[in-house]
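Note that numbering that gives the first Met the number 0 gives residue 198 to position 199 of the sequence shown, counting from 1, and the numbers run on in steps of one. All residues carry an ideal CB built from backbone N, CA and C; glycine is no exception. For reference, the structure is listed below as structure tokens.
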Amino acid sequence: MANPTIYTVGGTVQAGGGIYIPRQADEELLGLCRSGTFAYVLTPRQMGKSSLMVRTAQTLTDEGIRSVIVDLQELGANVTAEQWYFGFLVKLDDQLMFDTDVVSWWQEREHLGVSQRLTQFFEKILLAEVEGQVVIFVDEIDSTLSLNFTDDFFIAIRYLYVARATNAEFNRLSFVLMGVATPGDLISDAKRTPFNIGQRVDLTDFTFEEALPLAEGLGLPSDEAKQILHQVLKWTGGHPYLTQRLCGALVAERHNKFVETRFMSQRVAGVPTPLASSRETRPTQWLPVVATGVASFLRSKDVGTIVNSTFFGVMSEQDNNLQFVRDMLTKRAPNPEVLTIYREIRRGKRAVVDEEQSLAKSHLKLSGVVRRENNVLRVRNEIYRQVFDYKWINKHLPFNLRDRCERLKPALPYVAALVLFSGLMTGVAVYVNEQRLIAQNALKEVEKRQLNSEILIESLKLQNLLTLNLELDTLIAGLKVGKRLKTLDKNVEPDTRVLAVATLQQVIYGIKERNRLEDHSDWVNGVAFSPDGEIIASASDDKTVKLWNRNGQLLQTLTGHSYPVNGVAFSPDGEIIASASDDDTVKLWNRNGQLLQTLTGHSYPVWDVVFSPDGEIIASASPNNTVKLWNRKGQVLQTLTGHSNSVWDVAFSPDGEIIASASNDNTVKLWNRNGQLLQTLTGHRSSVLGVAFSPDGEIIASASDDNTVKLWNRNGQLLQTLTGHSYPVNGVAFSPDGEIIASASNDNTVKLWNRNGQLLQTLTGHRSSVLGV
Numbered sequence: 000m001a002n003p004t005i006y007t008v009g010g011t012v013q014a015g016g017g018i019y020i021p022r023q024a025d026e027e028l029l030g031l032c033r034s035g036t037f038a039y040v041l042t043p044r045q046m047g048k049s050s051l052m053v054r055t056a057q058t059l060t061d062e063g064i065r066s067v068i069v070d071l072q073e074l075g076a077n078v079t080a081e082q083w084y085f086g087f088l089v090k091l092d093d094q095l096m097f098d099t100d101v102v103s104w105w106q107e108r109e110h111l112g113v114s115q116r117l118t119q120f121f122e123k124i125l126l127a128e129v130e131g132q133v134v135i136f137v138d139e140i141d142s143t144l145s146l147n148f149t150d151d152f153f154i155a156i157r158y159l160y161v162a163r164a165t166n167a168e169f170n171r172l173s174f175v176l177m178g179v180a181t182p183g184d185l186i187s188d189a190k191r192t193p194f195n196i197g198q199r200v201d202l203t204d205f206t207f208e209e210a211l212p213l214a215e216g217l218g219l220p221s222d223e224a225k226q227i228l229h230q231v232l233k234w235t236g237g238h239p240y241l242t243q244r245l246c247g248a249l250v251a252e253r254h255n256k257f258v259e260t261r262f263m264s265q266r267v268a269g270v271p272t273p274l275a276s277s278r279e280t281r282p283t284q285w286l287p288v289v290a291t292g293v294a295s296f297l298r299s300k301d302v303g304t305i306v307n308s309t310f311f312g313v314m315s316e317q318d319n320n321l322q323f324v325r326d327m328l329t330k331r332a333p334n335p336e337v338l339t340i341y342r343e344i345r346r347g348k349r350a351v352v353d354e355e356q357s358l359a360k361s362h363l364k365l366s367g368v369v370r371r372e373n374n375v376l377r378v379r380n381e382i383y384r385q386v387f388d389y390k391w392i393n394k395h396l397p398f399n400l401r402d403r404c405e406r407l408k409p410a411l412p413y414v415a416a417l418v419l420f421s422g423l424m425t426g427v428a429v430y431v432n433e434q435r436l437i438a439q440n441a442l443k444e445v446e447k448r449q450l451n452s453e454i455l456i457e458s459l460k461l462q463n464l465l466t467l468n469l470e471l472d473t474l475i476a477g478l479k480v481g482k483r484l485k486t487l488d489k490n491v492e493p494d495t496r497v498l499a500v501a502t503l504q505q506v507i508y509g510i511k512e513r514n515r516l517e518d519h520s521d522w523v524n525g526v527a528f529s530p531d532g533e534i535i536a537s538a539s540d541d542k543t544v545k546l547w548n549r550n551g552q553l554l555q556t557l558t559g560h561s562y563p564v565n566g567v568a569f570s571p572d573g574e575i576i577a578s579a580s581d582d583d584t585v586k587l588w589n590r591n592g593q594l595l596q597t598l599t600g601h602s603y604p605v606w607d608v609v610f611s612p613d614g615e616i617i618a619s620a621s622p623n624n625t626v627k628l629w630n631r632k633g634q635v636l637q638t639l640t641g642h643s644n645s646v647w648d649v650a651f652s653p654d655g656e657i658i659a660s661a662s663n664d665n666t667v668k669l670w671n672r673n674g675q676l677l678q679t680l681t682g683h684r685s686s687v688l689g690v691a692f693s694p695d696g697e698i699i700a701s702a703s704d705d706n707t708v709k710l711w712n713r714n715g716q717l718l719q720t721l722t723g724h725s726y727p728v729n730g731v732a733f734s735p736d737g738e739i740i741a742s743a744s745n746d747n748t749v750k751l752w753n754r755n756g757q758l759l760q761t762l763t764g765h766r767s768s769v770l771g772v
């Protein structure tokens with residue numbers, strides 16, 4: 000049988016105590032330590048940090064480099080700054096055994112601050128008494144996040160790094176920081192310079208080749224073991240802890256099957272066992288079980304069963320890794336945006352780009368639930384995907400259905416007069432699809448209770464639909480409830496009626512949605528109205544542009560792009576539609592769906608496209624930091640260069656003389672048609688995602704990832720900042736008279752403002768981010 004101890008679950012791999020699997024990080028960290036480079040390994044829990052640290056320290060020791068490991072957890076949490084810093088030196092003394100009496104040295108300098116004493120100790124004692132290179136591994140640095148005096152510790156480490164410029168002796172001393180934190184977490188005081196030294200070492204998940212040694216522990220023939228390992232990695236994605244935990248669970252289950260089969264074999268042979276009487280020997284009943292035996296166990300399809308019993312259901316609450324991820328996503332999350340972004344990543348409909356400056360995205364990576372792949376964030380593995388699913392996300396979002404229902408309860412006594420509201424439903428002929436049949440012979444009281452329970456359930460379902468902003472669906476379901484309430488009037492209890500009528504009132508008076516265009520098979524990234532207002536064009540990730548009339552009837556589907564379509568625009572005369580795509584092109588179509596031109600010249604996806612007011616120039620924005628100007632024949636007229644990051648959006652002034660571009664470099668730039676830069680509008684704290692001119696051309700509105708809309712004049716002067724969105728603002732537009740500004744946001748709303756920055760109305764109804772307006 001296999002040896003279960005081959006797998007290390009939830010601890011450091013000790014010598015001879017399990018399999019250590021080297022990864023790229025091993026050579027990378029070892030090389031940095033050999034060269035005396037400051038480094039940090041800041042990753043989620045149970046990724047193998049401690050094992051990497053122990054392994055690296057041992058290798059350095061074997062090579063004659065002095066290495067020290069200090070676990071900050073050992074210093075305690077309920078201690079003073081004096082005790083904590085002195086405890087750190089004691090850990091160094093325990094391993095380096097200084098000639099100096101550390102206790103006396105520390106006490107003699109009590110007139111100095113603890114940080115100054117620490118740096119002096121490294122300079123006057125450690126470097127003086129220890130020859131050669133010294134590498135200090137500081138583990139569990141996240142244990143300092145709850146302490147209010149450790150900023151100085153990391154500032155002291157930074158000082159030791161900076162001091163290399165004036166004192167060459169400090170080149171012999173280097174630090175490696177290990178823990179579950181980001182560099183920005185280490186110094187909490189915003190007035191101080193962030194911790195910005197050292198080189199990051201990434202601990203990646205196991206590849207199949209790296210994980211192959213784990214197959215040996217399964218106790219199966221080589222080919223079978225590899226097949227099982229493939230299935231294991233499909234679930235775990237190579238996560239070190241989850242992979243070894245699952246392998247260990249498979250071995251344990253195989254052992255149980257072995258014991259069970261051996262017991263059955265003894266029964267067949269008539270051998271007495273502790274669990275059965277010798278009189279109960281009926282070989283004909285046991286032979287089929289013995290025939291299948293252990294060899295049939297641990298087939299590929301069995302892995303899913305073991306995953307289910309090890310990680311899902313009740314077990315998801317008991318596994319310490321899943322508990323860590325759960326806490327990081329809820330209790331330790333810096334803001335609600337963490338779950339909102341995770342929801343978008345899990346949907347996978349649109350790439351969520353990693354941004355180092357984003358606290359929420361950094362926290363998601365640190366939780367371990369997502370990982371970075373080619374600058375895009377993805378769910379780390381299938382186990383996480385299924386445990387932290389949509390149901391779990393919705394339950395833990397800041398505003399859930401239960402909270403909404405609780406807030407409604409106080410209002411119920413005040414709507415008793417609305418009982419007559421059900422009379423408004425007279426004449427509504429809606430077929431009730433899911434009317435539950437009531438047993439004909441049941442007691443009337445039981446029938447009445449069941450009826451009232453069903454109406455209560457339907458009312459709560461309506462509240463759920465309202466919470467999800469499914470307005471048309473809510474209206475249809477509400478009509479059914481109203482008809483049922485009227486038909487069964489005498490059997491409905493007063494309390495049930497109050498709740499149902501209050502809910503129906505919300506449905507009737509709360510719905511603003513007029514129509515819904517549904518035919519795209521993927522995300523819709525942009526919409527545009529024709530100048531006469533008769534046609535709507537929509538651009539989608541399904542690689543198409545669709546044309547609709549105002550009643551929602553599909554007129555044309557424009558196919559030809561090979562990748563998602565990001566934006567769409569009508570020419571001023573309404574005869575030409577331009578579409579911008581991830582396939583690096585802009586395509587021009589007529590209203591009948593005929594392709595007229597393909598504009599090629601971008602070497603990156605095209606994110607936005609717009610016509611000049613005279614219809615003669617087309618401007619396109621791209622993530623290669625440029626805007627291109629084209630004529631309708633597809634010739635490039637100008638390439639506007641000057642942004643230092645991707646350009647998201649572009650707009651023409653009403654007179655066509657100025658082009659505004661919005662960029663990831665946090666600016667809006669104004670250009671003339673010759674490509675000359677006129678103004679750079681600075682003031683946003685994050686990417687600018689959208690830009691628009693007022694109809695008179697005097698005001699420019701910019702929408703930003705910093706959750707605001709800013710209004711500027713053409714000279715670059717900031718006029719107003721519109722605050723009210725709780726998440727990034729993706730797009731902005733002016734009303735035809737220029738008096739109202741509309742903004743579209745990741746908070747699932749559109750907000751309407753006046754030019755003075757006053758919020759006029761919030762339009763709710765979308766179930767996810769609103770990308771344009």
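Same chain, Cβ closer than 6 Å to residue i, five either side skipped, listed in chain order
i           : result
residue 274 : Residue confidence is low: residue 274 scores 46 on pLDDT, short of 50, so the model does not pin down where it sits. Its coordinate-derived value is still stated next. Cβ neighbours of residue 274 beyond the five flanking positions: none.
residue 376 : 344, 351, 353, 369
residue 358 : 333
residue 562 : 580, 581, 582
residue 336 : 359
Whole-angstrom C-beta distance between residue j and residue i, which should lie under 8 Å
i           : j           : result
residue 135 : residue 174 : 5 Å
residue 749 : residue 731 : Not confirmed; about 10 Å, so no contact.
residue 237 : residue 206 : 6 Å
residue 243 : residue 213 : 7 Å
residue 41  : residue 69  : Contact doesn't hold; Cβ gap of about 16 Å is too wide.
Neighbourhood of residue i by C-beta distance below 7 Å, restricted to the same chain and skipping five residues each side
i           : result
residue 163 : 169, 170
residue 398 : Because residue 398 carries a pLDDT of 49, less than 50, the predicted location of this residue cannot be relied on, and the following value inherits that uncertainty. No residues qualify anywhere along the chain.
residue 693 : 733, 737
residue 187 : 150
residue 406 : In this prediction, residue 406 scores a pLDDT of 45, lower than 50, which makes its location untrustworthy; the coordinate-derived value is nonetheless stated afterwards. Closer than 7 Å at Cβ, skipping near neighbours: no residue.
residue 105 : 85, 88, 116
Option in the options with minimal Cα separation from residue i
i           : options            : result
residue 208 : 20, 537, 586, 63   : 20
residue 773 : 50, 641, 382, 67   : The chain is shown from 0 up to 772; residue 773 falls before or after that span and cannot be answered.
residue 695 : 654, 717, 719      : 654
residue 650 : 204, 610, 22       : 610
residue 197 : 36, 378, 591       : 36
residue 100 : 89, 109, 46        : 89
residue 697 : 652, 721, 708, 724 : 652
residue 155 : 235, 129, 191      : 191
Beta carbon of residue i nearer than 8 Å to that of residue j
i           : j           : result
residue 665 : residue 686 : yes
residue 202 : residue 24  : yes
residue 624 : residue 647 : no
residue 711 : residue 680 : yes
residue 181 : residue 365 : yes
residue 567 : residue 525 : yes
residue 618 : residue 576 : no
residue 385 : residue 323 : no
residue 241 : residue 320 : yes
residue 631 : residue 656 : no
residue 743 : residue 753 : no
residue 72  : residue 145 : no
residue 139 : residue 112 : no
residue 597 : residue 564 : no
residue 64  : residue 131 : yes
residue 148 : residue 194 : no
residue 45  : residue 239 : yes
residue 700 : residue 740 : yes
residue 578 : residue 560 : yes
residue 589 : residue 574 : yes
Sequence-distant residues of its chain with Cβ nearer than 8 Å to residue i (five each side left out)
i           : result
residue 291 : In this predicted model, residue 291 has a pLDDT of only 36, less than 50, meaning its place in the structure is not dependable; the value taken from the coordinates is given anyway. Cβ within range, chain order: n/a, list empty.
| task | Say whether the region 319-330 touches the region 732-750, bearing in mind that this needs 3 or more beta-carbon pairs closer than 8 Å, one atom from each stretch. | result | no
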